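Just so you know, we're using the working numbering here: the sequence shown kicks off at 9 and counts up by one.
Working notes, beginning with the structure itself.
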Amino acid sequence: MSLPFVEIARIADIRTGSTPTQFLRPADGNEGIPFVTPSDFAHKDQIFDTERVVSSPALTSLKGRLVPANSTCVTCIGSTLGKTGFVKNQVMTNQQINSVTAVPGKAQSRYLYYAILNGSAQLKDIAGGSASPILNKSDFGRFLVPDFDLQTQHKIADVLGALDDKIAANQRVMQLGLDFIKVLWQKAQCSSSTEILVGDVIDVNPRTPLPAGVGLPFLDMKNLPEDGHLPSRWEVKEPRSGSKFINGDTLLGRITPCFENGKLGYVDFLKEGEVGLGSTEFIVFRPKEGTPRAVPLCFASSEVFRSEAQLNMVGTSGRQRVTAEFVKQFPVRWPSAEAIHEFGNLTSPLLEKFSALSKEYQTLARTRDELLPLLMNGKITVAEANEEVLAMGVEKHAEGAGDV
């Protein structure tokens, strides 16, 4: 089946962002329009939260830079060129992002998001092969989109969108759960004024023997999530030097700027008895006997620890690190025996739930990534894709709901 294509500039409005520095405020405690930068989202993400917002006084003078709801944001410079996310609410972006908004009657908004995802290699081809590729608004407009009729565009977006909406819902549940665990830890700490050293209750960079001659899961820094989320991407490599970890461990990115960016994850993706490999720039936390699994996660994400660790990093400027010895000697308020027992009983089921949600996320994402090129290339029908999605127990929302 030979499909016609159309340049995206003919069916969508393209905006390049800017950085209104004087109007930017931290998102916490301030109202305004979310300000999206490449660091605010991962590839194939729905963008909900940003580090900063644009305050209301800027909206009059920057009205032309507002990105409408149901638009696609694409990074267009450097090593992250082609990273693509979708916004369901109005936002603003910096100049590293081009935003794509469907022209009503010519294209469906979420269909364009999936068309761009499917053609990410095309974006890099248009940008050229320089060391620092860049894709301006005019060049971006040459991107070719499969020219399905509007009805088919809606159907493709609805099928793939059902998977992504379920992924996003799982991620939100996990984030709320992590926030709840941190609240429980703070409550448990209030039960006692006793301080002990982290090394007394957590093994820091414990010795972990490797099986010989087999490929092992490998997690690099770019795939370590932020703020304690569960890793969802890894590779398989032969045994090598670096960090070693098992399920139930917490991993901390210790080097600048990874530490400052909150690189922190909880390991749950290994098979029973399996050992994982990781970056040499990870610090591995393993709870000692009697220490609930969620404790290292709460400790490593706490503001008290992170602010002190940042002040005590060692090394040359730009390559500073948190040391394992600093972590071991860090004092932490330790709950009473009764409170620590209750904390473990409350958080253990939550971690198990996160594990189940994470595995479901991986299955949903894999299915989406398999169906996407088949639909865009006309290799399968929307009806066939829909059958597969329904078989997974994912409900498809009403066609075109909320989109244009």
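Note that the Cβ used here is the ideal one computed from N, Cα and C, for glycine as well.
Only a predicted model underlies this, so the values are computations on that prediction, with no experimental measurement involved.
In whole angstroms, what is the alpha-carbon distance linking residue i and residue j?
i	j	result
residue 103	residue 148	14 Å
residue 393	residue 156	16 Å
residue 266	residue 59	16 Å
residue 100	residue 138	28 Å
residue 136	residue 47	23 Å
residue 231	residue 163	32 Å
residue 206	residue 312	13 Å
residue 194	residue 353	15 Å
residue 355	residue 370	23 Å
residue 347	residue 199	7 Å
residue 152	residue 24	19 Å
residue 401	residue 44	33 Å
residue 49	residue 339	34 Å
residue 82	residue 75	12 Å
residue 410	residue 170	Below a pLDDT of 50, predicted positions are generally treated as unreliable, and residue 410, at 46, falls in that range; no measurement from the model is reported.
residue 15	residue 150	5 Å
residue 27	residue 11	39 Å
residue 372	residue 35	30 Å
residue 368	residue 377	14 Å
residue 209	residue 57	34 Å
So is residue i buried or exposed if we call it buried at 16+ other beta carbons inside 10 Å?
i	result
residue 159	exposed
residue 289	buried
residue 126	buried
residue 351	buried
residue 167	buried
residue 129	exposed
residue 180	exposed
residue 390	buried
residue 123	buried
If contacts are defined as beta-carbon pairs under 8 Å, then residue i and residue j qualify, I think. What distance do you get, rounded to the angstrom?
i	j	result
residue 33	residue 203	Rounded, the Cβ-Cβ distance is 36 Å, inconsistent with contact.
residue 226	residue 242	6 Å
residue 245	residue 285	6 Å
residue 39	residue 61	7 Å
residue 13	residue 54	At roughly 26 Å, the Cβ-Cβ gap does not stay under 8 Å, so residue 13 and residue 54 are not in contact.
Given residue i, which residues of its chain have a CB within under 7 Å of its CB, disregarding the five upstream and five downstream residues?
i	result
residue 331	322
residue 359	301 and 302
residue 211	294 and 296
Tell me which residues share the same chain as residue i and place their Cβ nearer than 6 Å to its Cβ, disregarding the 5 neighbours each side in the sequence.
i	result
residue 276	238, 255 and 363
residue 197	341 and 343
residue 379	393
residue 263	289 and 329
Among residues of its own chain, excluding the 5 on either side of residue i, which ones have a beta-carbon nearer than 8 Å to its beta-carbon?
i	result
residue 283	216, 217, 218, 219, 224, 252, 253 and 254
residue 20	108, 109, 110, 111, 114, 115 and 120
residue 89	83, 131, 132, 135, 141, 142 and 143
Problem - Contact the region 304–312 vs the region 247–262: 3+ CB pairs below 8 Å - result: yes
Practice task
Report yes or no: do the region 164–180 and the region 311–325 share at least 3 C-beta pairs separated by less than 8 Å?
Solution key: As far as the Cβ criterion goes, the region 164–180 does not touch the region 311–325, which means the pair count is below three.
Handout entry: Segment contact, 8 Å Cβ cut-off, at least three pairs: the region 380–397 with the region 207–226
Key = no
Practice task
May I ask you to verify whether the region 178–194 touches the region 63–82, counting CB pairs closer than 8 Å and requiring at least 3?
Solution key: Here the region 178–194 makes no contact with the region 63–82; the two share fewer than three CB pairs at distances below 8 Å.
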